[in-house]
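Throughout the sequence shown, residue numbering follows UniProt numbering, covering 1 to 84 in sequence.
Don't be surprised by glycine CBs; every beta carbon is placed ideally from N, CA and C.
Every value quoted in this text rests on a predicted model; they were computed, and no experiment measured them.
Data first, discussion second: the structure below is written as structure tokens.
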Amino acid sequence: MGKQKQNESPKSDFIFGKKNYTFMFIGLAFIALGFILMSGGGSDDPNVFSPDIFSWRRIRLAPTLVLIGFGFQVYAILLNPNKE
1 MGKQKQNESP KSDFIFGKKN YTFMFIGLAF IALGFILMSG GGSDDPNVFS
51 PDIFSWRRIR LAPTLVLIGF GFQVYAILLN PNKE
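Here it is, written out as structure tokens:
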């Protein structure tokens, strides 16, 4: 019968490589920046309308940054770290 090697320990491999984590952190930065840009624009008095909630930054720029961040996240997950 076969003998198992006692000295051999199982190698702990990470699923993702350094490149994957780099793209994940870039994606998180884009998502966080998008949500920060979406915040604010409210009025202290609920009876007063503030048109700042419809600014270009909140309607166009911030959601675009969030979608770009999610795109980076998907790319980071699908990227093969072992490919040279």
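Does the beta-carbon distance from residue i to residue j come in below 8 Å?
{"i": "R58", "j": "G41", "result": "yes"}
{"i": "L37", "j": "L65", "result": "yes"}
{"i": "P63", "j": "G17", "result": "no"}
Take residue i and list the residues in its own chain whose beta-carbon comes closer than 7 Å to its own, dropping the five residues that flank it on each side.
{"i": "A76", "result": "N20, F23, M24, G27"}
{"i": "P81", "result": "F16, G17, K19, N20"}
{"i": "residue 86", "result": "Residue coverage of the chain in this structure runs from 1 to 84, which leaves residue 86 outside it and unanswerable."}
Where does residue i fall in DSSP's three states?
{"i": "F14", "result": "coil"}
{"i": "G41", "result": "coil"}
{"i": "L28", "result": "helix"}
{"i": "P51", "result": "helix"}
What's the C-alpha gap between residue i and residue j?
{"i": "G71", "j": "L78", "result": "11 Å"}
{"i": "S39", "j": "F30", "result": "15 Å"}
{"i": "P51", "j": "R60", "result": "15 Å"}
{"i": "K83", "j": "G69", "result": "23 Å"}
{"i": "A32", "j": "F49", "result": "27 Å"}
{"i": "W56", "j": "P46", "result": "22 Å"}
Which same chain residues, not among the five before or five after residue i, have their C-beta less than 6 Å away from its C-beta?
{"i": "F14", "result": "none"}
{"i": "V74", "result": "none"}
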